[in-house]
Structures are given as structure tokens and as C-alpha cells.
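Asker:
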Amino acid sequence: MPTALVMILGFIVVMVAGNSWRWWLTAGGAALALLPLGQGAPMVAVVAATCGLIVVSAWAWGTRSGRAVGVAVGIVFIAGQGAAFAVSQWTRSLLAAPWLDWFAVWLLVGVLCLAALVIDRIVHPFSAPSPRGGNGTAGKVQSVAAMATLATVVLLCGCGLGVVGFDGDGRLRFPARGDEVLPLPASLRLVSADICADGGSSGNCTAEFVVMAADDVDRTTTVTRLVEHLRSGGWPLHPEHGVYRGSRETGGILNWTAHRMWLYADVESAPELAPAPPPEAVVIYIDNL
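Just so you know, this note's numbering puts 274 at position 269 of the sequence shown, and the rest follows in order with no gaps.
#1: Mapping DSSP to helix, strand and coil, what is Ile291?
#2: Is it right to say Pro284 is buried, meaning 16 or more other beta carbons lie within 10 angstroms of its own, or is it exposed?
#3: Residues in its own chain within less than 8 Å of Gly87 by CB, not counting five upstream and five downstream?
#4: In chain order, what residues of the same chain lie with their CB nearer than 8 Å to the CB of Ala102, ignoring the 5 residues before and after it?
#5: Rounded to whole angstroms, what's the CA-CA distance from Leu14 to Arg27? Just pull it up for me.
#6: Cα separation between Leu187 and His234?
#7: I'd like to check one pair, Gly67 with Gln147: are the Cβ atoms closer than 8 Å?
#8: What is the C-beta distance between Met266 and Trp240, in whole angstroms, given that I count them as a contact (C-beta under 8 Å)?
#9: Check whether the Cβ atoms of Asp223 and Ser192 lie closer than 8 Å to each other.
#10: Ordered along the chain, which non-local residues of its own chain (more than five positions away) have a Cβ less than 6 Å from that of Asp292?
#11: How many angstroms separate the CA atom of Trp48 from the CA atom of Val232?
#12: Using only the alpha-carbon positions, how far apart do Ala202 and Val215 sit?
#13: Whole angstroms is fine: what's the gap from Asp199's alpha carbon to Val51's?
#14: When the distance is taken between beta carbons, is Ala286 closer than 8 Å to Pro244?
#15: Along the chain, where does the beta strand (DSSP E) that runs through Trp267 open and close?
#16: Where Ser197 and Ile289 are concerned, what is the direct C-alpha to C-alpha distance, given to the nearest angstrom?
#17: To which residues does DSSP link Cys201 through a beta bridge?
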């Protein structure tokens, strides 16, 4: 019994040592979760970890190529996903695109990975000796399982993105986020915020942020402070017939609609607001039409 146990443990050690590069690639795919986690998005990090892990590990454990080719291609897949995230989220003065922007590209990397596995299967048929030794059923099952898992995830996520992205006119939209206005300076305070106070078809929404001065000043001063704050945040607001208007383009890889902002310099008569904000309050509107 001890001899059999030693043999089993020895076999496991040899297998782990021989597949160490596959484990390292798998860890690299899972480490892609650190990208959205650095943005303070833990739920999106879970999605990134799952996608990165499946895409990279499918190649790592599905390929029959040797260590050099396997590691090189795996690093390309990891680097491709990391670069897509950087291009999507490094927007400079533009609005940051939502996570679906880079996730769509990650799925495209998954399609390329699936194609690479198919090519690898053609180049290294199971009738030929495997670079890691042997040509038994285990290797075949491992390769087929990797391809099937990757194909299923890419298909399901791709269909989901297709449903979410289809809005009837071919344009992609996302609602305004709080960081497009917040944080406010100490001289202003947020009374209320509604990300989608008014909306219609095709995913369009109009957000409303009600802001007041933190001290006892008139509305004109509040508007001046607010406009200065928004301009410093990248909004090119210009006065036009008593209304400050401006729009900001969205960065990213896909074609997202711009966000438009406006606020009234004078007290607005808005019976549709229920309840109406105080007269000294200023309402910021942002839509994604």
C-alpha cells in the first residue's frame, strides 16, 4: 500500500512539473481580474476573471503544441485582453465606456483562441504522438472539453451581448453615471440623483442631479459654482438663451453615443418634476440620445 501511494504521488508530481507552464498561463488568465478590480468594480472583476480564465486556460490545456508555442500563444491572448482593456478604459478627457466595451473584445479573443485550437487540432491529430507524451484518450478528452467549454461560453455571452446591444437603431447607449457629476466641491451638496428619471425606447435615459449650495447664497452663485465644477471635470458647457449646454463623446472601442448635459441658469418651471425641487436648487440633466 505505501509503495502504491508513493507511485501515485510521484506520478502527480511529474504531471504537475511537466504542465507547469499550463498552470502559469491559467493563473495569468485569472489575474486579468485585477484590471477592473483596480477600478473599484468587484462584480465586473468576477466577470473578467471568469472570461480570462476560460479563454486562456482553454488554450493552455487544450493545445497539443509544445511548451514554446503554447506559452507564446497564451501570452499573446493574455496581452490581447489586457491591451483591449487599456484601450477601452484609457479615455483621457472622454467619458469612460462601460465594461461591455472591452468585454466584447475579450469574447473576440475567445473566438480567435477557439480558431487556434481547431488549427492546433489539425496540425497535431490525436493519431500522432503528443508533445507531452502518449496519445491516449485522456489527451483527447482534455482537448475536446477545452474547446467545448470555450465555444459554449463565447456563444452564450455573444448572444447576450447581441440582445443587450440591439437597440433598434444600431447605436449603443449607456445611462449617465454618478462620476460624470460627482464628487461635488465642498461649496455644493447633492440633494438627489436619479440615473434614469425619464426614458423611452432604445435604451435612452435622462438622468437628473439636484444640487444646492452648501451655504446661504443665491441661485446665480450656485449656478456659477456648478458650471465651474462641471467645466473642470471636462464638460464644455456654453450659455445659450439662459441654458448651459454641452456634450461629451464617449471613448472606448465600440461606437457609443455621446452624453449631453444641460442646466437652467434661471428658476425653471417644470411641472413634470414631482415633487418640484426648491427654487434655489439647480437640476443637472444628462441624456444619452
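For glycine and all other residues, C-beta sits at the position ideal for the given N, C-alpha and C.
Please read these numbers as outputs of a predicted model, since none were measured by experiment.
Answerer: Let me spell this out:
#1: It is a strand residue.
#2: Here Pro284 is exposed: its Cβ has fewer than 16 other Cβ atoms, across all protein chains shown, within 10 Å.
#3: Sequence-distant Cβ neighbours of Gly87 in its own chain, meaning closer than 8 Å and more than five residues away, are Leu37, Leu40.
#4: Sequence-distant partners of Ala102 (beyond 5 residues in either direction) whose C-beta falls short of 8 Å from its own C-beta, in its chain, are Ser93, Gln94, Thr96, Phe179, Thr255, Gly256, Gly257, Ile258, Leu259, Trp261.
#5: For Leu14, the pLDDT reaches just 41, beneath the cut-off of 50, and the residue's location in the model is therefore unreliable, leaving the point undetermined.
#6: Our two residues, Leu187 and His234, have alpha carbons roughly 9 Å apart in a direct line.
#7: It is a contact, given that the beta carbons lie within the stated cut-off.
#8: About 6 Å separates the CB atoms of Met266 and Trp240; that is less than 8 Å, so the two are in contact.
#9: Contact flag unset, no.
#10: Excluding sequence neighbours, Asp292 sits near Thr211, Arg265.
#11: The amino acid occupying residue 48 in the given sequence is Met; Trp does not appear at that position. One C-alpha to the other measures close to 33 Å.
#12: Whole-angstrom Cα-Cα distance: 12 Å.
#13: A direct Cα-Cα distance of roughly 27 Å separates Asp199 from Val51.
#14: In this structure, Pro244 sits away from Ala286, with a CB-CB distance that is not shorter than 8 Å.
#15: Start and end: 264–269.
#16: Each residue's alpha carbon lies about 11 Å from the other.
#17: Per DSSP, none; premise fails for Cys201.
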